[in-house]
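Colleague: The structure follows.
2 protein chains.
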Amino acid sequence: MPSRRERLFAALDRIGADAFVATQRPNQLYLLDHPDPSIVISRPNCNFILFTAKETIVFPGIWISNACRDLLPNGEVVTNQPGDPPAGVQLAARLKKMPLKKIAFDRLGPDLADLLNRETSGLQAVQDDIATEIRRTKDERDLKGMREAARVSDLGMLAAFRAIRPGVTNGDLAAEGAAAMLRAGAEHVIMHVMTGPGTFYLDSGEDARRTIQAGEMVFIDMGIAVHGYIGDQTRAGIVGEGTPQQRDLLRTVQNAYRLASQAMKPEASTTAIYQSVIDLYAQKGWAAYFCHHVSHGLGLGGDPPRIARDAPDDRLRAGDALSCEPGVYVPGLGGARVENMIYVSESGPEELTKCPLEPPMGF
Amino acid sequence: MPSRRERLFAALDRIGADAFVATQRPNQLYLLDHPDPSIVISRPNCNFILFTAKETIVFPGIWISNACRDLLPNGEVVTNQPGDPPAGVQLAARLKKMPLKKIAFDRLGPDLADLLNRETSGLQAVQDDIATEIRRTKDERDLKGMREAARVSDLGMLAAFRAIRPGVTNGDLAAEGAAAMLRAGAEHVIMHVMTGPGTFYLDSGEDARRTIQAGEMVFIDMGIAVHGYIGDQTRAGIVGEGTPQQRDLLRTVQNAYRLASQAMKPEASTTAIYQSVIDLYAQKGWAAYFCHHVSHGLGLGGDPPRIARDAPDDRLRAGDALSCEPGVYVPGLGGARVENMIYVSESGPEELTKCPLEPPMGF
Chain A
0 MPSRRERLFA
10 ALDRIGADAF
20 VATQRPNQLY
30 LLDHPDPSIV
40 ISRPNCNFIL
50 FTAKETIVFP
60 GIWISNACRD
70 LLPNGEVVTN
80 QPGDPPAGVQ
90 LAARLKKMPL
100 KKIAFDRLGP
110 DLADLLNRET
120 SGLQAVQDDI
130 ATEIRRTKDE
140 RDLKGMREAA
150 RVSDLGMLAA
160 FRAIRPGVTN
170 GDLAAEGAAA
180 MLRAGAEHVI
190 MHVMTGPGTF
200 YLDSGEDARR
210 TIQAGEMVFI
220 DMGIAVHGYI
230 GDQTRAGIVG
240 EGTPQQRDLL
250 RTVQNAYRLA
260 SQAMKPEAST
270 TAIYQSVIDL
280 YAQKGWAAYF
290 CHHVSHGLGL
300 GGDPPRIARD
310 APDDRLRAGD
320 ALSCEPGVYV
330 PGLGGARVEN
340 MIYVSESGPE
350 ELTKCPLEPP
360 MGF
Chain B
0 MPSRRERLFA
10 ALDRIGADAF
20 VATQRPNQLY
30 LLDHPDPSIV
40 ISRPNCNFIL
50 FTAKETIVFP
60 GIWISNACRD
70 LLPNGEVVTN
80 QPGDPPAGVQ
90 LAARLKKMPL
100 KKIAFDRLGP
110 DLADLLNRET
120 SGLQAVQDDI
130 ATEIRRTKDE
140 RDLKGMREAA
150 RVSDLGMLAA
160 FRAIRPGVTN
170 GDLAAEGAAA
180 MLRAGAEHVI
190 MHVMTGPGTF
200 YLDSGEDARR
210 TIQAGEMVFI
220 DMGIAVHGYI
230 GDQTRAGIVG
240 EGTPQQRDLL
250 RTVQNAYRLA
260 SQAMKPEAST
270 TAIYQSVIDL
280 YAQKGWAAYF
290 CHHVSHGLGL
300 GGDPPRIARD
310 APDDRLRAGD
320 ALSCEPGVYV
330 PGLGGARVEN
340 MIYVSESGPE
350 ELTKCPLEPP
360 MGF
């Protein structure tokens with residue numbers, strides 16, 4: 000595969016542009032020539048990185064200016080102190096001196112577009128997020144980053160499940176899972192734990208102080224970052240034997256996961272995958288209770304593809320990476336979700352997350 | 000102090016409005032009549048809550064619809080399933096049936112304003128975030144919530160500092176701190192650990208995998224939520240004795256903190272407080288290296304007041320709660336910050352966070 004830089008400039012060529020400005024952290028991390036850009040731009044506070052055929056110029060926000068100056072010794076850094084002109088003015092001043100014709104931004108708001116129009120006559124600035132499209136097809140570095148994020152995510156899920164027993168709180172489980180992942184190298188960790196006797200409230204109705212009772216269902220999701228790469232998985236289980244209805248719910252969700260994930264091959268239709276999950280739940284009368292996406296893209300953030308009710312039809316491609324996370328939330332019964340990180344290779348789906356679908360509990 | 004509801008309707012009276020729509024989670028948590036709204040609306044995914052003299056009507060997003068239906072049995076909840084009309088359309092349909100004249104929104108975008116204009120003739124909709132202004136002056140419930148968030152924050156900072164010794168990683172400290180706070184009841188925890196031999200990179204240049212060496216400075220910030228209330232503090236220290244320059248840096252920042260926090264009394268000028276910090280650092284030639292705010296408001300989120308270079312002058316009031324966090328980041332030497340949560344009582348500033356300015360390290 001050509002290098003990231005080669006792919007960027009090939010895409011610029013196709014739209015007749017000679018420079019790219021990355022304003023979004025995932026694009027900045029992807030394109031910056033540094034062994035671990037996630038420790039330089041460790042938060043989304045770098046205003047612009049300008050890539051031309053000859054130069055890379057970094058325009059950090061004030062809060063990141065010291066880090067960029069010290070940690071990027073080989074590139075040009077337009078440092079920033081209190082009282083300096085606004086970022087857009089700094090960018091325009093630099094662009095004025097450069098013989099550029101057309102420049103693509105991943106995001107270009109009306110204020111910055113107006114400013115550039117006024118200040119840099121002859122330069123055409125357009126919004127065209129070619130970098131996010133390039134990021135869709137994963138390279139070796141991506142795959143290494145995603146595998147590491149998946150490994151850390153497995154450690155967290157296993158640690159949280161191991162702590163499940165009646166009498167502990169949701170927060171106790173999150174503490175075990177978060178600590179395991181932070182120790183293993185995650186720079187950012189959110190672990191969501193939901194438990195309850197009946198309906199779970201997907202991404203809502205979470206009470207960290209709630210004490211877990213025997214017979215309840217437990218539901219753990221997370222969002223982590225490791226060297227900038229997203230780690231993400233969800234598991235559901237029953238505290239004890241559970242009722243036949245609870246076991247059936249878990250089994251059904253696991254079946255939906257297997258059905259959808261096994262279909263994640265090159266050329267697969269994303270709407271067909273979505274519909275297969277709906278059809279499976281419809282057999283139980285639960286179609287209306289599957290209320291979210293099947294997949295979001297994985298990588299550095301905001302990557303395509305997305306599989307959801309409101310997403311356009313798309314074909315999966317070799318090199319895609321995406322979540323597979325059918326869930327269902329049945330009033331009066333309960334909710335469950337299974338989520339893994341999937342890499343679409345030429346030969347089919349590979350599960351990057353390796354944690355068992357029902358991780359062992361610690362009692 | 001009058002009740003939250005009484006204060007809301009008094010403010011509506013002043014602008015001639017008869018209803019309020021809260022779209023922002025902090026306002027929703029503040030105004031919803033529930034013993035712990037943070038476990039119902041546990042993420043910012045509730046579209047609208049409409050408050051009129053007679054009714055409270057909740058319009059949850061799809062993801063929170065089950066939770067609102069089950070956990071808010073006494074209010075009206077307009078539940079949401081896949082395929083239902085967009086939130087704005089649901090709101091307009093409900094408003095049409097109500098005899099309202101003027102309605103204030105905390106946020107009202109142009110699309111929703113246009114929709115309401117078309118669909119609800121005779122109803123005037125305006126953006127006026129009266130709720131955030133009401134939230135500025137803390138009531139007993141706020142004070143209880145902030146004290147608990149501060150207590151949990153102290154536990155986390157003490158746990159992280161106790162784990163500091165050469166050979167552990169930044170992530171190890173974050174793991175100890177995060178786990179302590181999650182076990183103590185925080186529903187959301189981010190702990191930022193920065194270490195280095197020289198300049199620190201405030202909110203950037205963070206490497207979770209970095210191993211701490213003797214003689215380095217360490218710098219820990221956090222952002223947590225407990226029952227929706229923000230907990231926040233920062234501490235800086237030296238791993239070992241440190242150099243005279245490092246000790247001077249720490250002492251200077253602690254002096255800046257004491258100077259600013261002791262000035263946080265009713266009627267104090269916010270620009271005077273900001274300037275006093277600049278003047279203190281200027282004595283060292285460091286004025287340009289204090290690059291951020293002195294204070295942001297505390298409470299449920301987005302509360303005034305703010306003390307910063309770009310914030311307008313304001314007078315502190317009894318009942319304000321705000322951070323006090325002067326820091327300085329000196330090229331070639333290092334960076335440090337001290338931050339506490341301050342409550343401005345009639346008799347002066349009260350530190351809600353109680354952790355020592357230099358917490359004991361565990362070696």
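Quick note, the sequences are listed as chains A and B, same order.
Quick note: the first sequence uses numbering that gives the first Met the number 0, first residue 0, plus one each step.
Quick note: the second sequence uses numbering that gives the first Met the number 0, first residue 0, plus one each step.
The beta carbon of each residue, even a glycine, is placed where N, CA and C say it ideally should be.
1) Give me the DSSP bridge partner(s) of Gly222(B).
2) Does any residue of chain B bring its CB to less than 8 Å from the CB of Arg42(A)?
3) Is the beta carbon of Val39(A) less than 8 Å from the beta carbon of Leu70(A)?
4) Going by C-alpha distance, which of Asp231(A), Gly176(A), Lys264(A), Leu279(A) is nearest Arg250(A)?
5) For the alpha helix (DSSP H) holding Glu132(B), just list the boundary residues, first then last.
6) List, in chain order, every chain B residue whose beta-carbon is nearer than 7 Å to that of Cys323(A).
7) Touch check for the stretch 116 to 132 of chain A and the stretch 287 to 294 of chain A: three-plus C-beta pairs under 8 Å?
8) Name the chain A residues whose beta carbon is nearer than 7 Å to that of Val20(B)?
9) By Cβ distance below 8 Å, which residues in the same chain neighbour Glu205(A) in space, the five residues on each side in sequence not counted?
10) Could you tell me which chain A residues have their CB closer than 8 Å to the CB of His291(B), listed as they occur along the chain?
11) Among Met340(B), Ser344(B), Leu356(B), which residue has its Cα nearest to the Cα of Glu350(B)?
12) According to DSSP, what are the bridge partners of Ala229(A)?
13) Under a CB-based cut-off of 8 Å, is Asn65(A) close to chain B?
14) For Thr78(A), which residues of its own chain have a beta-carbon under 6 Å away from its beta-carbon, when the five flanking residues on both sides are left out?
15) With distances taken between CB atoms, is the gap from Arg182(A) to Asp171(B) smaller than 8 Å?
16) Does the Cβ of Asp12(A) have 16 or more other Cβ atoms within 10 Å, making it buried, or fewer, making it exposed?
17) What is the residue span of the alpha helix (DSSP H) that Met156(B) lies within?
18) Using a cut-off of 9 Å between C-beta atoms, extract the partners of Val88(A) located in chain B.
19) Do Ile229(B) and Gly318(B) have their CB atoms nearer than 8 Å?
20) Where in the stretch 319 to 344 of chain B do unbroken runs of the beta strand (DSSP E), each at least 3 residues long, occur, reported from the N-terminal end onward?
21) Can you look up Lys353(B) in the DSSP assignment and give me helix, strand or coil?
22) Tell me, please, which residues DSSP counts as bridged to Ile48(B).
23) So the candidates are Gly74(B), Pro59(B), Leu99(B); which of them puts its Cα closest to the Cα of Asp83(B)?
24) Per DSSP, what kind of secondary structure is Lys96(A) in: helix, strand or coil?
25) Is any heavy atom in the ligand FMN found nearer than 7 Å to the beta carbon of Asn339(A)?
26) For the alpha helix (DSSP H) containing Ala178(A), name the first residue and the last one.
27) Determine the burial state of Val88(B): buried for a count of at least 16 other Cβ atoms within 10 Å of its Cβ, exposed for fewer.
28) With H, G and I counted as helix, E and B as strand and the rest as coil, what does DSSP make of Pro1(A)?
29) Would you say the stretch 92 to 103 of chain B touches the stretch 17 to 36 of chain B, given that touching needs at least three Cβ pairs under 8 Å?
30) Is the distance from the Cβ of Leu321(B) to the Cβ of Ala267(B) below 8 Å?
31) Should Gln212(A) go down as buried or exposed, given a rule of 16 or more other Cβ atoms within 10 Å for buried?
32) State the CB to CB distance for the pair Ser275(B) and Cys323(B), rounded to an integer number of angstroms; the pair is presumed to be in contact (CB under 8 Å).
33) Give me whichever residues DSSP pairs with Pro348(A) in a beta bridge.
34) When burial is assigned at 16 or more other CB atoms within 10 Å of the CB, is Arg117(A) buried or exposed?
35) Would you call Gln23(A) buried or exposed, if buried means 16 or more other Cβ atoms sit within 10 Å of its Cβ?
36) Strictly under 8 Å for the Cβ-Cβ distance: is Val39(A) near chain B by that measure?
Modeller: In short, the structure shows the following:
1) Ile189(B)
2) yes
3) yes
4) Leu279(A)
5) 129 to 135
6) Those within 7 Å of Cys323(A) in chain B number zero; the least Cβ separation is about 19 Å.
7) no
8) Ordered by position in chain A, no residue passes the 7 Å Cβ test against Val20(B), which lies about 19 Å from the chain.
9) Asn169, His191, Val192, Met193
10) Ile61, Trp62
11) Met340(B)
12) Note that residue 229(A) corresponds to Ile in the displayed sequence, not to Ala. Partner(s): Ala224(A).
13) yes
14) Ser64, Arg68
15) yes
16) exposed
17) 139 to 161
18) Those do not exist, as Val88(A) stays about 15 Å from chain B at its closest Cβ, beyond 9 Å.
19) no
20) 320 to 323, 326 to 329, 333 to 336, 339 to 344
21) coil
22) Ala21(B), Val57(B)
23) Pro59(B)
24) coil
25) In the structure on display, the ligand FMN does not appear, and there are no ligands present to speak of.
26) 169 to 182
27) exposed
28) coil
29) yes
30) no
31) exposed
32) With a Cβ gap of about 12 Å, Ser275(B) and Cys323(B) do not count as contacting.
33) Val343(A)
34) exposed
35) buried
36) yes
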